[in-house]
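Residue numbers (the working numbering): 263 to 364. A virtual CB, placed ideally from N, CA and C, is assigned to each residue, including glycine. Below is one structure; the comments refer to it alone.
See below:
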């Protein structure tokens with residue numbers, strides 16, 4: 263199986279790296295906002311509403327990343343065939359299972 267950290271390897275999300283970083287910075291801002299809400303002793307339901315928004319943002323980010331992984335890394339491995347294809351499918355299945363449990 264090829265090493266995804268090997269020099270020259272291109273991750274599936276790289277073509278949208280700036281978009282992903284912008285989303286992650288927005289999520290980071292939501293986390294800081296939650297901290298401020300607790301520091302300022304905001305109403306519990308208001309804090310929970312923001313937790314829900316942040317959770318949704320993370321899930322959306324994760325699903326987009328998963329889609330890119332499937333359409334790039336997994337699709338390339340399947341096209342090549344062999345044990346790498348089986349390993350990539352198992353790896354993607356495990357990632358999906360982790361997302362479903364979260």
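Practice task
Would you be able to state if there are at least three C-beta pairs under 8 Å between the segment 301-308 and the segment 338-345?
Solution key: Too few Cβ pairs lie closer than 8 Å, so no.
Exercise for the section: Indicate whether residue 357 and residue 328 have their beta-carbon atoms separated by less than 8 Å. Expected result: Going by C-beta atoms, residue 357 is nearer than 8 Å to residue 328.
Problem - Expected contact under 8 Å - CB spacing of residue 297 and residue 312 to nearest Å - result: The pair is not a contact, with the Cβ atoms about 10 Å apart (cut-off 8 Å).
Handout entry: Same chain, Cβ closer than 8 Å to residue 286, neighbours up to 5 away in sequence not counted
Key = So the list reads 323, once near-sequence residues are dropped.
Exercise for the section: Would you tell me roughly how many angstroms separate the C-alpha atoms of residue 280 and residue 336, rounded to the nearest one? Expected result: So the alpha carbons of these two residues sit roughly 22 Å apart.
Handout entry: Chain-order list of residues whose beta-carbon lies under 8 Å from that of residue 299 (same chain, five-residue window excluded)
Key = Excluding sequence neighbours, residue 299 sits near 308, 309, 312.
Problem - C-alpha gap between residue 288 and residue 316, whole angstroms - result: Each residue's alpha carbon lies about 9 Å from the other.
Practice task
Output the boundary residues of the alpha helix (DSSP H) element that contains residue 303.
Solution key: Element bounds for residue 303: n/a, residue is neither H nor E.
Problem - Distance, residue 341 Cα to residue 319 Cα - result: Each residue's Cα considered, the two are about 32 Å apart.
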